[in-house]
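Visitor: Residue numbers (the numbering used here): 524 to 924.
Note that CB positions come from ideal geometry on N, CA and C, so glycine has one too.
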Amino acid sequence: MQINPERFLADLHTLRSFGAAGVGKGVVRPAYSDADVAARQWLAQRMRDAGLHVQVDAMGNLFGLAGGPSLLMGSHSDSQPEGGWLDGALGVIAALEVARAAAEAGGPAVSVVSFQDEEGRFGVTTGSAVWGGHLTLSEADRLTDHGGVALSEARQAIVEMVTGDVSADQFTGFIELHIEQGPTLDTSGEQIGVVTDIVGIRDMKVTFDGQQNHAGTTPMHLRRDAFQAVSAFNAALNERLRNIVTPQSVWTIGHVSLHPNASSIVPGRAVFSMQWRDADTDRLARMEQVIRNTASEIADDHGMKLSFGTMLGLEPVAMDSRLRSALEAGADTVAPDNWRTMPSGALHDATNVSRLMPVAMLFVPSIGGVSHTFEEDTAEGDLVAGVRVLAEAMDRLGSMP
Ligand code: HGY
Ligand code: MN
Ligand code: MN
524 MQINPERFLA DLHTLRSFGA AGVGKGVVRP AYSDADVAAR QWLAQRMRDA GLHVQVDAMG
584 NLFGLAGGPS LLMGSHSDSQ PEGGWLDGAL GVIAALEVAR AAAEAGGPAV SVVSFQDEEG
644 RFGVTTGSAV WGGHLTLSEA DRLTDHGGVA LSEARQAIVE MVTGDVSADQ FTGFIELHIE
704 QGPTLDTSGE QIGVVTDIVG IRDMKVTFDG QQNHAGTTPM HLRRDAFQAV SAFNAALNER
764 LRNIVTPQSV WTIGHVSLHP NASSIVPGRA VFSMQWRDAD TDRLARMEQV IRNTASEIAD
824 DHGMKLSFGT MLGLEPVAMD SRLRSALEAG ADTVAPDNWR TMPSGALHDA TNVSRLMPVA
884 MLFVPSIGGV SHTFEEDTAE GDLVAGVRVL AEAMDRLGSM P
């Protein structure tokens with residue numbers, strides 16, 4: 524099949540126009556925002572233009588179906604609160620281009636998906652978690668964002684697009700192209716990464732409740748200051764995790780909400796996100812124990828009431844060897860001696876889809892190794908190379924039942 528690089532890049536730039544923001548090629552398109560809904564409506568039309576049958580499930584996962592058995596390709600089109608133009612969008616538009624090129628070549632059949640809330644406004648890869656059966660819709664509906672909005676309420680924004688459940692039985696496998704979002708390929712100068720495994724993740728909210736009070740009159744030794752507790756927790760945690768982690772283990776406090784967040788008030792309450800990732804399930808559990816024990820000790824020391832929110836998590840997964848071999852053969856054709864195999868430190872929808880069918884993933888470099896920022900970008904030649912590898916892989920998998 525022959526992919527059309529101009530058509531692919533034009534669609535990728537048009538998708539960016541929904542929620543375009545910030546410097547460079549930034550995007551603000553969180554799940555269920557006006558920009559996300561408008562992007563999904565535009566994508567649905569592009570899928571129809573490509574001869575695909577559009578279906579949308581209750582979460583807002585958007586499918587363009589080839590009809591009959593097909594291989595599913597795609598990713599997500601929602602963004603982080605401050606995101607780049609390629610995270611997720613690349614995989615969706617690349618899938619659309621491969622579906623069009625395959626149809627023009629008379630096969631094989633390729634369907635396209637844009638999952639909803641991969642970026643975790645409400646959870647961790649929420650849309651594909653529901654489609655893959657990791658979460659029920661009613662469990663997902665009870666999740667809230669940092670502003671306290673429930674998913675059940677937010678998804679009313681896409682209710683008019685919903686057509687019903689989409690069966691996974693029609694798909695023979697799933698392939699997701701994505702930017703690497705890290706420094707490996709950019710540093711080595713290689714053009715393609717074929718993914719071996721995706722790491723596991725744990726994510727929960729932690730709350731310290733102390734005593735809100737006057738910042739001028741309350742002596743330091745009498746304070747029950749929730750910010751001081753968070754600060755002490757972070758310092759202690761970094762020390763204690765050191766003994767059990769590897770250089771690949773990561774942990775992040777990315778969202779902190781202080782109440783009432785005023786200069787002259789000793790903060791009485793802090794709610795923060797605690798997220799950690801590792802390729803080893805046992806290590807994830809040991810990290811959890813250290814996190815819980817440290818929070819408990821700090822709460823005692825600082826006179827805090829401690830509570831933990833629901834812990835969300837996804838297990839590490841290995842890629843399917845047959846799909847991966849097809850991607851490796853494609854990489855060898857498109858970028859001979861200029862590709863590698865590598866693990867993924869970012870989470871992806873492929874993790875959830877692996878519960879339903881064989882999955883595989885492909886990376887292209889991120890300039891400067893940055894993502895989840897407006898500065899995220901990839902050279903156009905690398906973006907096109909990624910799509911060519913998908914097309915090569917599809918040609919090899921063409922006879923797949
Ligand atoms: O955070 C992640 O790894 C994904 O981009 N949501
Ligand atoms: Mn992504
Ligand atoms: Mn992301």
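Say yes only if the C-beta of G465 is nearer than 7 Å to one or more non-hydrogen atoms of ligand 2, and no if none qualify.
Guide: Given a span of 524 to 924 for the chain in the structure shown, any question on residue 465 remains unanswerable.
Visitor: Can you name, in chain order, every residue of its own chain whose Cβ lies under 8 Å from the Cβ of D720, other than the five neighbours on each side?
Guide: Correct list, in chain order: A802, P839, V840, A841, M842, P866 and S867.
Visitor: Report the residue ranges of all alpha helix (DSSP H) runs contained in full by the stretch 732-768; include only those spanning at least 4 residues, in chain order.
Guide: Qualifying alpha helix (DSSP H) stretches, in chain order: 749-764.
Visitor: Taking the C-alpha atoms as reference points, what is the distance between F697 and M684?
Guide: The alpha-carbon atoms of F697 and M684 are separated by roughly 24 Å.
Visitor: Where E642 and A677 are concerned, what is the direct C-alpha to C-alpha distance, given to the nearest angstrom?
Guide: Rounded to the nearest angstrom, the two C-alpha atoms are 15 Å apart.
Visitor: Give me, in chain order, the residues of the same chain whose beta-carbon lies closer than 8 Å to that of A624; leave out the 5 immediate sequence neighbours on both sides.
Guide: Taken in chain order, the residues that qualify are M524, Q525, I526, N527 and A914.
Visitor: Assuming the contact rule is C-beta atoms closer than 8 Å, D601 and D640 should be a hit. Round their C-beta distance to whole Å, please.
Guide: Correct: roughly 6 Å between the Cβ atoms.
Visitor: Looking at ligand 3, does it come within less than 7 Å of E642, judged from the CB to the closest heavy atom?
Guide: Yes; taking the cut-off as 7 Å, the Cβ of E642 has a heavy atom of ligand 3 nearer than that.
Visitor: Considering only their Cβ atoms, is the gap separating A749 from F731 smaller than 8 Å?
Guide: Yes.
Visitor: If you follow the alpha helix (DSSP H) that T710 is part of, which residue opens it and which one closes it?
Guide: Looking at the DSSP string, the run of the alpha helix (DSSP H) that includes T710 is T707 to S711.
Visitor: Counting C-beta neighbours from all protein chains within 10 Å, is the total for L920 16 or more, i.e. buried, or is it exposed?
Guide: Buried, by the Cβ-count rule.
Visitor: Given the structure, does A902 come close to ligand 1, in the sense that its CB is under 7 Å from one of the ligand's heavy atoms?
Guide: Answer for A902: no, Cβ out of range of ligand 1.
Visitor: Just to confirm, are V773 and R806 a CB contact at a threshold of 8 Å?
Guide: Result no, Cβ atoms of V773 and R806 do not sit closer than 8 Å.
Visitor: Taking Cβ to Cβ, would you say L588 is nearer than 8 Å to Q603?
Guide: Their beta carbons are not under 8 Å apart, which means L588 does not touch Q603 by this criterion.
Visitor: Report yes if the C-beta of Q693 is less than 7 Å from at least one heavy atom of ligand 3; otherwise report no.
Guide: No, the beta carbon of Q693 sits no closer than 7 Å to any heavy atom of ligand 3.
Visitor: Between W862 and F531, what straight-line distance do the alpha-carbon atoms span, to the nearest angstrom?
Guide: Roughly 22 Å separates the two Cα atoms.
Visitor: Pull up the CB-CB distance for G542 and E898, whole angstroms please, since I reckon it's below 8 Å.
Guide: Between E898 and G542 the Cβ distance is about 16 Å, and since that is not below 8 Å, they are no contact.
Visitor: Counting along the chain, where does the beta strand (DSSP E) carrying F645 start and finish?
Guide: No beta strand (DSSP E) contains F645, which DSSP labels as neither H nor E.
Visitor: Spatial neighbours of A652 within its chain, please: C-beta separation below 6 Å, excluding the five flanking residues on both sides.
Guide: Once the five neighbours on either side are set aside, the close Cβ partners of A652 are L658 and N875.
Visitor: For the beta strand (DSSP E) containing P598, name the first residue and the last one.
Guide: Sequence inspection shows Ser at residue 598; the Pro mentioned does not correspond to that position. Its beta strand (DSSP E) spans residues S593 to H599.
Visitor: Rounded to the nearest angstrom, what separates P553 and I702 at their Cα positions?
Guide: Each residue's Cα considered, the two are about 18 Å apart.
Visitor: Grab me the residues of Q693's own chain with a C-beta within less than 8 Å of its C-beta, minus the 5 sequence neighbours each way, in chain order.
Guide: The answer, listed in chain order, is L588, G591, P592, S593 and S634.
Visitor: Helix, strand or coil: how does DSSP classify M570 here?
Guide: Correct three-state label for M570: helix.
Visitor: Pick out whichever of M917, D900, G904 and P888 has its Cα sitting closest to the Cα of T710.
Guide: That would be P888, whose Cα lies nearest to the Cα of T710.
Visitor: What is the DSSP secondary structure of G892, counted as helix, strand or coil?
Guide: Note: G892 maps to helix in three-state DSSP.
Visitor: Using C-beta distances below 6 Å, list every residue in its chain close to G650, excluding the 5 sequence neighbours before and after it, in chain order.
Guide: These residues qualify, in order along the chain: M582, N584, F638, Q639 and D640.
Visitor: Quick one: complete alpha helix (DSSP H) runs, 4+ long, within the stretch 656-731?
Guide: You should have 660-664, 674-677 and 707-711.
Visitor: Under a Cβ-count criterion, where at least 16 other Cβ atoms within 10 Å of its own Cβ denotes burial, should L595 be classed as buried or exposed?
Guide: When all chains shown are included, L595 counts as buried.
Visitor: Run through DSSP, which three-state label would Q578 get?
Guide: Strand, per DSSP.
Visitor: When burial is assigned at 16 or more other CB atoms within 10 Å of the CB, is A849 buried or exposed?
Guide: Burial call: buried.
Visitor: Span of the alpha helix (DSSP H) holding T804?
Guide: From DSSP, the alpha helix (DSSP H) with T804 extends over T804 to H825.
Visitor: Distance, Cα to Cα, V794 vs I724?
Guide: Going by the C-alpha atoms only, they are around 20 Å apart.
Visitor: Taking 7 Å as the limit between beta carbons, can you name the residues of its chain near A873, skipping five residues before and five after?
Guide: So the list reads F697, E699, I721, V882 and M884, once near-sequence residues are dropped.
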